[in-house]
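Just below is one structure, and these are the notes that go with it.
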Amino acid sequence: MADLGPRVAGLPGASRCFLVADSGLPPEVVDRVEAALRGAGCEPSTRVVHAGEDHKTWQVAGELLGDMAALGLERRHPVVALGGGVVGDIAGFVASAYRRGVPIVQCPTTLLGMVDASVGGKAGVNLPGPAGAGALKNMAGAFHQPVFVLADVEVLESLPERHLRSGLAECIKHAMLCDSAPRRDPGLLEATRAALLAWKGRRPAGEALAALIARSVALKAGVVEEDEREEKPAGGRAILNLGHTFGHAVETAPGSTLLHGEAVGLGLIAAATSAASLGLVGAECERLTRELVEHAGLPLAINGLSPATVRARMALDKKVVGGGLRLVLPCGPGRVTLVEKPPEEAVLAGIAAMLAPR
Ligand SMILES: NC(=O)c1ccc[n+]([C@@H]2O[C@H](COP(=O)([O-])OP(=O)(O)OC[C@H]3O[C@@H](n4cnc5c(N)ncnc54)[C@H](O)[C@@H]3O)[C@@H](O)[C@H]2O)c1
Ligand SMILES: [Zn+2]
932 MADLGPRVAG LPGASRCFLV ADSGLPPEVV DRVEAALRGA GCEPSTRVVH AGEDHKTWQV
992 AGELLGDMAA LGLERRHPVV ALGGGVVGDI AGFVASAYRR GVPIVQCPTT LLGMVDASVG
1052 GKAGVNLPGP AGAGALKNMA GAFHQPVFVL ADVEVLESLP ERHLRSGLAE CIKHAMLCDS
1112 APRRDPGLLE ATRAALLAWK GRRPAGEALA ALIARSVALK AGVVEEDERE EKPAGGRAIL
1172 NLGHTFGHAV ETAPGSTLLH GEAVGLGLIA AATSAASLGL VGAECERLTR ELVEHAGLPL
1232 AINGLSPATV RARMALDKKV VGGGLRLVLP CGPGRVTLVE KPPEEAVLAG IAAMLAPR
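Converting from the sequence shown to the numbering used here requires adding 931 to each position, the first position being numbered 1.
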């Protein structure tokens, strides 16, 4: 984190910045970052944002934009996002909109933020869904690439273990598509399996965690470079949605208390089962996926939801094209494929795999 001050201050015209800090961070982390920025010649104006998906709203983004205007921030004054994926997504969105775009620096402080949310330039907020339904995830947003991302694994020491494990789900996702990405990393699936096994029952940390993060980031960056705006009809950035169409449906269902990564872990299981029901993979892939999710200490099933509720929420996914679902499914070890309008039985098989027997 020591590098953050000089690197932000070194951006052209960055005599001031807007620091959006996560309310969950130990105050001394925020103090240290402020002091480092100030010491390097960049005066921060700090706003603390309440973390958690409920706060990833249009209203919070609007308040931040109002603050920026009231502070008289200018075009070259960057926004610095210091926090988890929620803070990163809101801060990135605000930076994309203020004065039609100011630089954004991402400084992720959760594992999920490091391996996924801070990389690739997607930013946004959730919008209220139809009456009685949960929020619509990331329904208003922008592509706004960070000028740089700075991830320091030491900051993860204060992260509650449940959130650390939630981030592992995105590492598993990257491992499951390691051979389909433009910058292939064929050994990542096995390396992830071994790392998860070693961490079973103890907190992921140290060089092994830093190495897994670096490989995960490289893999995602390679995918984004090839298809920044998710425009390629097949493959491209869309492959990063592996597990997410199923996962988002359970994450945003009314009453859900799942963290994003916990929902993604379930979504990965659903995707493997769906793929098996289509004959794209054998039972081995389902078994391995479950094993990875289990070793990561993530939930293997969710209680209290009906298949119909989950199916209805999947139809609300913003990746739905022309009314038909579009699923990214495994088709071999480390490989994925895009399935347009999958047969209903395959979708329902995936859903059933996530739900605990009632
Ligand atoms: N933009 C993208 O491409 C992208 C990709 C994946 C996920 N996301 C988004 O990321 C969000 C989830 O991110 P998340 O998992 O980081 O959750 P989060 O931002 O809610 O953070 C999790 C919790 O950890 C706390 N926290 C953060 N850093 C901490 C630290 N170092 N020590 C102690 N506590 C800390 C936060 O206050 C919060 O309570 C979702 O909204 C998801 O949609 C975006
Ligand atoms: Zn995700």
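Backbone N, C-alpha and C define an ideal beta-carbon position, used for all residues, glycine too. Predicted model, so just to flag it, every value in this text is computed and none were measured.
{"Query": "Cα-Cα separation, R1160 to F1074", "Result": "7 Å"}
{"Query": "DSSP three-state assignment for L1260, whether helix, strand or coil", "Result": "strand"}
{"Query": "Residue environment, P957, which counts as buried when at least 16 other CB atoms sit within 10 Å", "Result": "exposed"}
{"Query": "Delimiting residues of the alpha helix (DSSP H) encompassing K1104", "Result": "E1092 to M1107"}
{"Query": "E974 - partner residues in DSSP beta bridges", "Result": "R947"}
{"Query": "Run of the alpha helix (DSSP H) containing R1160, from where it starts to where it stops", "Result": "Where R1160 is concerned, there is no enclosing alpha helix (DSSP H), given that its DSSP letter is neither H nor E."}
{"Query": "Any 3 or more C-beta pairs closer than 8 Å across the region 1193 to 1206 and the region 1173 to 1182", "Result": "yes"}
{"Query": "Residue of P1059, I1021, G1060 and L1042 minimising C-alpha distance to G1052", "Result": "I1021"}
{"Query": "Identity of the residue in G1132, V1148 and L1127 nearest A1139 by Cα", "Result": "L1127"}
{"Query": "For V1270: DSSP bridge partner residues", "Result": "L1258"}
{"Query": "Start-to-end residues for the alpha helix (DSSP H) that takes in Q990", "Result": "W989 to A1001"}
{"Query": "Residues bridged to N1057 (per DSSP)", "Result": "T988"}
{"Query": "Distance between beta carbons of E1157 and G1167, contact taken as under 8 Å", "Result": "6 Å"}
{"Query": "Nearest candidate by alpha-carbon position, reference T1040, set V1017, G1228 and A1239", "Result": "V1017"}
{"Query": "Classification of L1223 by the beta-carbon crowding that lies within 10 angstroms, buried from 16 upward", "Result": "buried"}
{"Query": "Chain-order list of residues whose beta-carbon lies under 6 Å from that of A1203 (same chain, five-residue window excluded)", "Result": "C1216, E1217, T1220 and P1261"}
{"Query": "Residue(s) in a DSSP beta bridge with A952", "Result": "V979 and L1013"}
{"Query": "Closest residue to G1132 among S1111, L1095 and L1150 (Cα-Cα distance)", "Result": "L1095"}
{"Query": "Burial state of T1188 (16 or more Cβ within 10 Å)", "Result": "exposed"}
{"Query": "contact_flag[the region 1103 to 1115, the region 1206 to 1214] where n(CB pairs < 8 Å) is 3 or more", "Result": "no"}
{"Query": "8 Å contact criterion, which S954 and V991 should meet: CB distance rounded", "Result": "Wrong, their Cβ atoms sit about 11 Å apart, outside the cutoff."}
{"Query": "Backbone CA spacing between G1263 and G1213 [nearest angstrom]", "Result": "9 Å"}
{"Query": "Distance cut-off 7 Å: N1234 Cβ against heavy atoms of ligand 1", "Result": "no"}
{"Query": "Neighbourhood of A971 by C-beta, 6 Å cutoff - its chain only, sequence neighbours within 5 removed", "Result": "G936, P937 and A940"}
{"Query": "8 Å contact criterion, which A1054 and G1023 should meet: CB distance rounded", "Result": "3 Å"}
{"Query": "Pair within 8 Å by beta-carbon distance, V1046 and I1170", "Result": "no"}
{"Query": "Closer than 7 Å: H1175 CB and nearest ligand 2 heavy atom", "Result": "yes"}
{"Query": "Chain-order list of residues whose beta-carbon lies under 7 Å from that of V1181 (same chain, five-residue window excluded)", "Result": "S1187, L1189, A1194, L1197, I1233, L1236, V1241 and M1285"}
{"Query": "Whole runs of the alpha helix (DSSP H) within the region 1181 to 1234, excluding any shorter than 4 residues", "Result": "1191 to 1208 and 1214 to 1226"}
{"Query": "Inter-residue CB distance, L1043 and L1087 (contact presumed, cutoff 8 Å)", "Result": "No, L1043 and L1087 are not in contact; Cβ-Cβ is about 11 Å, not under 8 Å."}
{"Query": "Cβ-based burial, P1335 [other Cβ within 10 Å; buried from 16]", "Result": "Any question about residue 1335 goes unanswered here, given that the chain covers just 932 to 1289."}
{"Query": "N- and C-terminal bounds of the beta strand (DSSP E) containing V1036", "Result": "I1035 to P1039"}
{"Query": "Proximity test, H912 beta-carbon vs ligand 2 heavy atom, cut-off 7 Å", "Result": "An answer regarding residue 912 cannot be provided, because it is not within the stretch 932 to 1289 covered by the chain."}
{"Query": "Near ligand 2: D1047 beta-carbon under 7 Å from a heavy atom", "Result": "yes"}
{"Query": "Within-8 Å CB hit, H986 to chain D", "Result": "Of the chains in the structure shown, none is chain D; there is only one protein chain."}
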